[in-house]
Amino acid sequence: MSGKAQHLRKFVAPEIIFGNGSRLLCGEYCSKLSLQKPMIVSDPGVVDSGWTRQIEADFIQSGIDYITYSDVTPNPKDREVTAGTERFIEAGCDSIIAVGGGSPMDCAKGIGIVATNGGNILDYEGVDKITDPLPPMLFIPTTAGTSADVSQFSIINNIDEKVKIAIISKVIIPDIALIDPETTRTMSPYLTACTGMDALVHAVEAFVSTASSRITDVHALEAIRLLGMHLPRVLDDPDNMEIRESIMLASMEAGLAFSNAILGAVHAMAHSLGGFLDLPHGECNSLLLEHVTAFNFPAAPERFIKIADTLGIDIRNQTEPEINNRLFHYFHRLRNDLGITKTLADTNVRKQDIPDLAKKAFHDACLLTNPRKATQRDIETLFEEAL
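Numbered according to this note's numbering, the sequence shown spans residues 23 to 409.
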């Protein structure tokens with residue numbers, strides 16, 4: 023491959039409609055796409071919040087036949103994908119509408135994969151393993167952080183192996199994302215904190231990724247700027263829609279960045295940890311970010327210095343080690359201020375668990391674009407530091 027070709031970068035994204043009330047366009051877009059029988063994929067919490075019922079009412083008013091599959095749990099399981107696919111096929115559905123956070127959206131992608139490609143969802147772990155197009159997909163996120171509505175990632179929990187698998191393919195990018203900040207009003211304070219930190223990790227890892235580009239940098243830095251400004255304020259003023267809109271916009275920007283630049287060691291480790299203990303993904307990322315940042319800093323100091331400056335950290339007359347230390351403490355203080363005060367030990371991780379956790383993280387696809395090459399022993403050390 024020529025040197026010029028090595029620097030080529032592709033950028034893929036869905037059609038995006040952003041703004042308050044955009045969720046109410048769902049029926050209209052289904053009609054435009056001539057969808058005959060969509061499956062709504064959601065979860066019990068989102069159903070109880072009323073967002074799923076709004077979409078069902080919109081379909082009834084628009085005369086659209088549909089079914090709803092809401093048996094999705096946090097950290098969607100491979101068996102839930104199987105059950106959802108069976109419902110999809112038996113009902114003769116032709117499209118998928120995801121309403122919810124990362125779990126329903128990732129499960130919806132899994133259902134779409136298996137419905138058209140066959141087999142088991144675990145067959146598609148890794149990069150570009152999907153051969154056939156998915157049914158039309160329209161996603162309505164109800165959290166500000168996971169960005170599954172704009173990304174080419176689907177994360178599914180392998181129950182038997184107790185590990186999350188990453189499926190990466192542009193085939194699974196939704197056709198349309200209706201990103202409505204109003205839906206985040208029903209998030210609990212802790213979910214708001216965890217998903218906001220998830221968005222920050224997406225942006226940070228995308229910016230320092232070895233697959234980053236000038237295109238993804240624009241989105242990553244804007245997400246970091248918005249989150250640095252608004253995330254510390256959201257729990258003190260949870261009804262402020264200007265703040266929520268800015269965080270939702272940051273989540274979208276971060277999603278566009280990481281979907282195209284991929285991620286790094288934080289996510290590789292979080293997938294292993296979340297699969298092992300079925301923990302909230304944003305919580306896992308939050309507990310690991312400061313430690314992985316300190317590890318990665320020497321491999322890309324100019325990138326991390328730019329992150330620190332964008333977050334508003336005073337780095338004047340500071341050496342690189344001093345900036346690294348300030349960034350570590352910024353991330354540590356931010357998550358604690360948001361109420362994410364645990365250590366890994368508090369989540370019931372034991373020291374004897376770490377070798378297995380590190381082994382699984384070492385084989386995660388997200389580690390491939392980490393800015394610093396990490397051995398399995400390096401990952402073990404990072405887990406130990408977070409205990």
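We put the CB at the ideal spot given by N, CA and C, even for glycine.
Quiz item: Quick one: complete alpha helix (DSSP H) runs, 4+ long, within the stretch 41–120?
Solution: 48–54, 66–71, 73–84 and 100–112
Quiz item: When we look at the beta-carbon of Asn-339 and count the other beta-carbons within 10 Å, is it buried (16 or more) or exposed?
Solution: exposed
Quiz prompt | Outcome for Thr-397 when other beta-carbon atoms lying within 10 angstroms are tallied against a minimum of 16 | solution = exposed
Quiz item: Ile-187 and Leu-243 look like a contact to me (Cβ under 8 Å); what is the Cβ gap, rounded to whole Å?
Solution: Rounded, the Cβ-Cβ distance is 30 Å, inconsistent with contact.
Quiz item: Buried or exposed: where does Glu-264 fall if 16 or more other Cβ atoms within 10 Å of its Cβ makes it buried?
Solution: exposed
Quiz item: Could you check where the beta strand (DSSP E) with Ser-176 kicks off and where it finishes?
Solution: 175–180
Quiz item: Quick one: what's got a C-beta closer than 7 Å to Glu-312's C-beta in the same chain, skipping five residues either side?
Solution: Phe-350, Phe-353 and His-354
Self-check item: Neighbourhood of Met-23 by C-beta, 6 Å cutoff - its chain only, sequence neighbours within 5 removed
Solution: Note that Met-23 scores a pLDDT of 41, beneath 50, so its modelled location is shaky; the value from the coordinates is reported in the next line. Result list for Met-23: empty, nothing under 6 Å.
Practice problem: Give the range of the alpha helix (DSSP H) segment to which Phe-280 is assigned. | Solution: 263–283
Quiz item: With a cut-off of 8 Å, do at least 3 Cβ pairs link the stretch 231–250 to the stretch 320–335?
Solution: yes
Quiz item: Is there contact between the stretch 98–107 and the stretch 66–82, where contact requires at least three CB pairs shorter than 8 Å?
Solution: no
Quiz item: Which one of Val-185, Ser-308 and Ser-117 has the shortest CA to CA distance from Pro-196?
Solution: Ser-117
Self-check item: Backbone secondary structure at Met-159 - three-state DSSP
Solution: strand
Quiz item: What span of residues does the alpha helix (DSSP H) with Ala-292 cover, start to end?
Solution: 287–299
Exercise. Could you please give the first and the last residue of the uninterrupted alpha helix (DSSP H) stretch that includes Leu-310?
Key: 303–318
Practice problem: Grab the span of the beta strand (DSSP E) containing Lys-186 for me, first residue to last. | Solution: 185–190
Quiz item: Skipping 5 residues on each side, what residues in its chain have a beta carbon closer than 8 Å to that of Val-185?
Solution: Asn-179, His-293, Ser-294, Gly-297, Phe-298 and Lys-382
Quiz item: For Ile-133, which residues of its own chain have a beta-carbon under 7 Å away from its beta-carbon, when the five flanking residues on both sides are left out?
Solution: Val-63, Val-103, Gly-106, Thr-107, Phe-110 and Ile-118
Self-check item: Span separating the alpha-carbon of Leu-47 from that of Ile-162
Solution: 10 Å
Quiz item: In its own chain, which residues sit with a C-beta less than 6 Å from the C-beta of Gly-41, not counting the 5 before and 5 after it?
Solution: none
Practice problem: Go ahead and pull the three-state DSSP assignment for Leu-333. | Solution: coil
Quiz prompt | Between the CA atoms of Pro-203 and Leu-257 - distance to the nearest angstrom | solution = 15 Å
Quiz item: Gly-124 and Thr-164: beta carbons closer than 8 Å?
Solution: no
Practice problem: Could you spell out where the alpha helix (DSSP H) holding Ile-362 opens and where it closes? | Solution: Segment: none, Ile-362 is in no alpha helix (DSSP H) and carries neither H nor E.
Self-check item: Segment contact flag, the stretch 298–307 with the stretch 263–280, C-beta cutoff 8 Å, min 3 pairs
Solution: no
Exercise. Out of Lys-373, Ala-215 and Ser-231, state which residue places its alpha-carbon closest to the alpha-carbon of Asp-259.
Key: Ala-215
Quiz item: Can you name, in chain order, every residue of its own chain whose Cβ lies under 8 Å from the Cβ of Asn-370, other than the five neighbours on each side?
Solution: Leu-299
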